[in-house]
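K.L.:
Just passing along the structure, written as structure tokens.
This is how it looks when you write it as structure tokens:
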């Protein structure tokens, strides 16, 4: 059996289930088998190119602040992304096509921090319009919160964030100055028109089918 076929078999039988439970263990398994380079760049390329990985688990892995290796992989992942001349929310949309940004606040903060730093590198002229480059991080975080508020079924329609609320929440964040209103209006309207969401992966598709099947079962079947 060739290494290619062996890799495919290991991926489906051992790696993918392991990655979906504990991403660090899944990555370590491939490294130990010699299928993956033990470098941040090697792991970053694998995460970006390998189909079928749970984007939620990718976020868990990359958002881990405790391990330097994970932080280095995240830096390598964002370095592969070009956000040049993109609106901040569109750049976030591109970022989230690879990584699901959710979970513990510290992990979300780490992901948005890395994204914001890369966005600043790709758009130096735009960033100079702000008094403080950290404003990009604050605004990116605010966009994530707006998106969650706007599309979460647990938030009642009358309590969802309005445009004026979004603008008010960001008042004075740029070293005491306000972010231009037209910029915030554009962001709000684009998020309102299209949810900021992660592309479906194999894992989320399977989970959706399972939910649909379970939902169609009679109560008696679910009870045994």
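Residue numbers (this note's numbering): 766 to 989.
Here a beta-carbon is modelled for each residue, glycine too, at the ideal position from N, C-alpha and C.
Treat the numbers as computed from the prediction; the structure is a model and nothing was measured.
1. Just checking, does the region 910-928 make contact with the region 873-888 on the three C-beta pairs under 8 Å criterion?
2. Comparing alpha-carbon positions, which option in 833, 825 and 875 lies nearest residue 785?
3. Would the region 844-857 count as touching the region 785-804 if we require 3 or more Cβ pairs under 8 Å?
4. How is residue 878 classed by DSSP in three states: helix, strand or coil?
5. Assuming residue 913 is part of the alpha helix (DSSP H), what are its boundary residues?
6. What ranges does the alpha helix (DSSP H) occupy inside the region 829-859, keeping only unbroken runs of at least 4 residues that lie completely in it?
7. Taking residue 810 as part of the alpha helix (DSSP H), name the residues at either end of that continuous run.
8. Using the three-state DSSP reduction, which class does residue 930 fall into: helix, strand or coil?
9. Helix, strand or coil: which one does DSSP assign to residue 947?
10. CA-CA distance, residue 854 and residue 889?
11. Mind checking residue 934: buried by the 16 CB within 10 Å criterion, or exposed?
12. Can you tell me the Cβ-Cβ gap for residue 877 and residue 906, rounded? I've got them flagged as a contact below 8 Å.
13. On the DSSP letters alone, give me the boundaries of the alpha helix (DSSP H) that residue 826 sits inside.
14. Determine the direct distance from the alpha carbon of residue 857 to that of residue 835, and round the result to whole angstroms.
P.N.:
Taking the geometry as given:
1. The region 910-928 is not in contact with the region 873-888.
2. The residue you call residue 785 lines up with position 20 of the chain shown. The shortest C-alpha separation from residue 785 is found at 825.
3. The region 844-857 is not in contact with the region 785-804.
4. Along the chain shown, one-based indexing puts residue 878 at 113. Helix.
5. Residue 913 sits at position 148 when you count from the first residue of the chain shown. In the DSSP annotation of this structure, the continuous segment of the alpha helix (DSSP H) that includes residue 913 starts and ends at 899-916.
6. Those alpha helix (DSSP H) runs which fall completely within the region 829-859 and span 4+ residues are 833-844.
7. Position 45 of the chain shown, counted from the first residue, corresponds to residue 810. Run containing residue 810: 805-814, per the alpha helix (DSSP H) assignment.
8. Along the chain shown, read from residue 1 onward, the residue named residue 930 stands at position 165. Helix at residue 930.
9. Locating residue 947 in the chain shown gives position 182, where the first residue counts as 1. Taken through DSSP and simplified to helix, strand or coil, residue 947 comes out as helix.
10. Position 89 of the chain shown holds residue 854. Position 124 of the chain shown holds residue 889. Distance between the alpha carbons of residue 854 and residue 889 is about 17 Å.
11. Reading the chain shown from its first residue, position 169 is the one you call residue 934. Answer is exposed; the Cβ neighbour count stays below 16.
12. Numbered from 1 along the chain shown, position 112 holds the residue referred to as residue 877. Numbered from 1 along the chain shown, position 141 holds the residue referred to as residue 906. With a beta-carbon spacing of about 5 Å, residue 877 and residue 906 fall inside the 8 Å limit used to define contacts.
13. As a working note, residue 826 is residue 61 in the chain shown. 820-827 is the extent of the alpha helix (DSSP H) around residue 826.
14. Along the chain shown, one-based indexing puts residue 835 at 70. Along the chain shown, one-based indexing puts residue 857 at 92. Approximately 20 Å, taken between the alpha carbons.
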